[in-house]
Amino acid sequence: MSKIEIKNLTVNYTEKKKSFTALKNVSFSIEEGEFVSVIGSSGCGKSTLLSILEGINSPTEGEILINGEPVTGTGPDRGVVFQHYSLFPWMTARKNVAFGIKQVNKSASRAERYHLADEFLEKVGLEQFKNKYPSQLSGGMQQRVAIARALAMDTDILLMDEPFGAIDAKNRTILQELLLELWENAEPRKTVVFVTHDIDEAIFLSDKIVMMTANPGRVYREIRVPFDRPRNRAELVQTKEYNKFRNELLSMFYSDIVSKIGGEEVVL
Amino acid sequence: MNIQAKTAAPSADISEKQEKTSSGFKAEIFRRYFRVVHALFAVLLLVQLLPDKLKTETYASYVIWFAVGVEVLTLVVSAFIKKRESLNLFVDIVAFVYALLTAWTLATAKFDLLKAALFPPPGKVFWQFIGDYDKILTNVQSSAGIILQGYLLAIAAAIPLGLFLGWSARLGSAATYISKFLGAIPPIVYIPYGIALLPTFRSVSVFVIFLATFWPVLGGTMSGVMNVEKKTIDSAKVLNVNKFTMLFSVILPASLQQIFIGCNQGLTVSFVLLTSAEMVGAQSGLGYYIKNYSDFGDYTRTIVGLIVVGIVIVFISFIFNRIQKFLLRWKQ
Numbered sequence: 287m288s289k290i291e292i293k294n295l296t297v298n299y300t301e302k303k304k305s306f307t308a309l310k311n312v313s314f315s316i317e318e319g320e321f322v323s324v325i326g327s328s329g330c331g332k333s334t335l336l337s338i339l340e341g342i343n344s345p346t347e348g349e350i351l352i353n354g355e356p357v358t359g360t361g362p363d364r365g366v367v368f369q370h371y372s373l374f375p376w377m378t379a380r381k382n383v384a385f386g387i388k389q390v391n392k393s394a395s396r397a398e399r400y401h402l403a404d405e406f407l408e409k410v411g412l413e414q415f416k417n418k419y420p421s422q423l424s425g426g427m428q429q430r431v432a433i434a435r436a437l438a439m440d441t442d443i444l445l446m447d448e449p450f451g452a453i454d455a456k457n458r459t460i461l462q463e464l465l466l467e468l469w470e471n472a473e474p475r476k477t478v479v480f481v482t483h484d485i486d487e488a489i490f491l492s493d494k495i496v497m498m499t500a501n502p503g504r505v506y507r508e509i510r511v512p513f514d515r516p517r518n519r520a521e522l523v524q525t526k527e528y529n530k531f532r533n534e535l536l537s538m539f540y541s542d543i544v545s546k547i548g549g550e551e552v553v554l
Numbered sequence: 076m077n078i079q080a081k082t083a084a085p086s087a088d089i090s091e092k093q094e095k096t097s098s099g100f101k102a103e104i105f106r107r108y109f110r111v112v113h114a115l116f117a118v119l120l121l122v123q124l125l126p127d128k129l130k131t132e133t134y135a136s137y138v139i140w141f142a143v144g145v146e147v148l149t150l151v152v153s154a155f156i157k158k159r160e161s162l163n164l165f166v167d168i169v170a171f172v173y174a175l176l177t178a179w180t181l182a183t184a185k186f187d188l189l190k191a192a193l194f195p196p197p198g199k200v201f202w203q204f205i206g207d208y209d210k211i212l213t214n215v216q217s218s219a220g221i222i223l224q225g226y227l228l229a230i231a232a233a234i235p236l237g238l239f240l241g242w243s244a245r246l247g248s249a250a251t252y253i254s255k256f257l258g259a260i261p262p263i264v265y266i267p268y269g270i271a272l273l274p275t276f277r278s279v280s281v282f283v284i285f286l287a288t289f290w291p292v293l294g295g296t297m298s299g300v301m302n303v304e305k306k307t308i309d310s311a312k313v314l315n316v317n318k319f320t321m322l323f324s325v326i327l328p329a330s331l332q333q334i335f336i337g338c339n340q341g342l343t344v345s346f347v348l349l350t351s352a353e354m355v356g357a358q359s360g361l362g363y364y365i366k367n368y369s370d371f372g373d374y375t376r377t378i379v380g381l382i383v384v385g386i387v388i389v390f391i392s393f394i395f396n397r398i399q400k401f402l403l404r405w406k407q
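Written as structure tokens, this is what we have:
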């Protein structure tokens, strides 16, 4: 049995009397401890898919099974990192993490929660900033806190919705490496669903890439990433295999867009 | 090597600082103390020495003592305030007080330009203030007690109710219209009902202030709750918070700014209402103090009352602002 099974998911939205299909017959499954990236151009429904996994939205048809049980709402088995607004601006970094811990572990005392929060803030390199409010932190630091919170909550599954999408290129690389290191070294490894539109990010992080197409959102391909772990970016990007794989993915990505638009003179 | 560098750094820092202070010392003293406000202080003192035109006692010594007190305070504050802007603000306010007192002294005691019965000289007001100190304190306590009681009761009732109504999608929209209608009725018109239903002037006042505060706070809370960003609510939902935590740990702080707008409105209306009500029907309180003495033609005490009302309102607003700033310290 797979950890997560997505079965024939269809989502229709009605907005101002116009209905449109965000997802159509999306099916794939994710194994326990697997890092899966969902990739696609904007409007392919990848964030909608994730919001159903989070339990915030519900599908029009189909269902998602986690450990064989259908998802009916949010649950303590899933931790989430959004692109923005994951943190509560009125809580310090430390309180944000401790608040997350409190929701999954009601029996922990205040001191225990704070201790655990400090531990995870240290893991993401923010021990000096634990008493700062989100507004006093940079975007990258805020995402570090959000990751620390998701990890400190110690959920089986981690759902990440373009967590590094709004961060500058240099910090994005650093955060990807941090995330990978924390995930690879954890025992047991968490099941991660990571939404992105960045192909390099998807290759570097994942075991499997699910590529989606837009209008309506569908799974286009499922691609297994053939590189060993632990991965070292500097070494990896120099190998022939990496570049070949990357080019294949890119051509798939763009051929899909070209076929969708239907023209030969597509300016990308 | 490392340790050396570390220990060397602070001492270098200190010596640099010392250099700075010794060279900039004069400039700093000059900047802090060479100000127009001190000239205004001197003018105020000199004006007191002019011969009085007013026939009655003018108590010039009280103005002098007051001014000396303010001047000492200014000098002390000048030495301690760090921010240049804050020092400027403080000094400008003191300068205004000096100028006002100078003009007031000239217009009353020295040249007798205003009707002496309506406009006593400043010294007499200070003298009266000191003489009436106990009475004023009792009246301040009476007024502030009523305001606090009605105001705090209203906040304690309106915020939880507003959170609950604003959070419930269906009740919220109906409640918005209802509270707009009920809140639009000036609270003062409830007074006849209050008098019919409640035993004392005090309880009627508390009741009216309760109503005056309740509606704006309820409205502010509901609109705050309804305007909380969906993403904030989503990030709480994915953490699996229960209903109570959602309302009080997420929705409440997220709508705090709007709640404060309601609280501020309630506070302003409460003062207006209470002082007016006291002028009509009370046996104590600041409104009563003013009205009572103006009825007897004692305008010195009337002015004392006016000044005290001003001080009390400024003081309470100051405290309120401090609380607001503290609770919203996470906002930039």
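Chain order of the listed sequences is V and F. Just so we're on the same page, my numbering is the position in the first sequence counted from 1, plus 286. Just so we're on the same page, my numbering is the position in the second sequence counted from 1, plus 75. Yeah, the Cβ is synthetic: ideal placement off N, Cα and C, and Gly gets one too. Treat the numbers as computed from the prediction; the structure is a model and nothing was measured.
Query: Bridge partner(s) assigned by DSSP for V:Asp447; Result: V:Val481
Query: Residues near V:Ser305 in its chain [Cβ-Cβ closer than 6 Å; skip 5 each side]; Result: Asn298
Query: Buried versus exposed call for V:Ser313 [16 or more other C-beta atoms within 10 Å across all chains shown]; Result: exposed
Query: Through-space distance from V:Thr378 to V:Gln422, alpha-carbon basis; Result: 9 Å
Query: Exposure label - F:Gly299; buried when at least 16 CB within 10 Å; Result: buried
Query: V:Glu317 (DSSP reduced to helix, strand or coil); Result: coil
Query: Three-pair Cβ contact test at 8 Å for the segment 266 to 275 of chain F versus the segment 306 to 325 of chain F; Result: no
Query: Own chain partners of F:Gln399 with C-beta closer than 7 Å, once the 5 adjacent residues on each side are dropped; Result: Phe335
Query: V:Met497 to V:Lys416 span [Cα, whole Å]; Result: 37 Å
Query: Local conformation of F:Val387 per DSSP, three classes; Result: helix
Query: Delimiting residues of the beta strand (DSSP E) encompassing V:Glu508; Result: 504 to 510
Query: Residue of F:Val281, F:Ser280, F:Met297 minimising C-alpha distance to F:Ile246; Result: Reading off the sequence, residue 246 of chain F comes out as Leu, not Ile. It is F:Met297 whose Cα lies nearest to the Cα of F:Leu246.
Query: Status (buried if at least 16 other CB within 10 Å, exposed otherwise) for F:Phe390; Result: exposed
Query: Residue closest to V:Gly354, alpha-carbon to alpha-carbon, out of V:Ser328, V:Leu336, V:Ile316, V:Asn343; Result: V:Ile316
Query: Contacting positions in the segment 355 to 372 of chain V - beta carbon closer than 9 Å to chain F; Result: Gly359, Thr360, Gly361, Pro362, Arg364, Gly365, Val366, Phe368, His370, Tyr371, Ser372
Query: Proximity of V:Met439 and V:Val478 at Cβ, strictly below 9 Å; Result: no
Query: Exposure label - V:Ser344; buried when at least 16 CB within 10 Å; Result: exposed
Query: Within chain F, the residues that V:Ile453 reaches when beta carbons sit closer than 9 Å; Result: What V:Ile453 touches in chain F: nothing, since even the nearest Cβ is about 17 Å away.
Query: Beta strand (DSSP E) runs wholly inside the segment 422 to 469 of chain V, at least 3 long, in chain order; Result: 443 to 447
Query: Own chain partners of V:Ser288 with C-beta closer than 7 Å, once the 5 adjacent residues on each side are dropped; Result: Ser315, Ile316, Glu317
Query: Contact belief for V:Val505 with V:Ala434 at Cβ below 8 Å, rounded distance in angstroms; Result: So it is not a contact: roughly 32 Å between Cβ atoms.
Query: Beta-carbon proximity of V:Leu491 to V:Gln524, cut-off 9 Å; Result: no
Query: Reduced DSSP secondary structure (H/G/I, E/B, other) of V:Glu534; Result: helix
Query: Backbone CA spacing between V:Leu339 and F:Ser248 [nearest angstrom]; Result: 31 Å
Query: Any chain F beta carbon closer than 9 Å to V:Phe415; Result: no
Query: Per-residue burial, F:Ala229 [other beta carbons within 10 Å of its own, 16 or more giving buried]; Result: buried
Query: In chain order, each alpha helix (DSSP H) run of at least 4 residues that lies wholly inside the segment 338 to 405 of chain F; Result: 361 to 370, 374 to 402
Query: Rounded distance between the beta-carbons of V:Ala488 and V:Ile325, thought under 8 Å; Result: 5 Å
Query: Distance between V:Leu465 and V:Pro449 (C-alpha atoms, nearest Å); Result: 11 Å
Query: Cβ neighbour criterion (16 or more within 10 Å) applied to F:Lys255; Result: exposed
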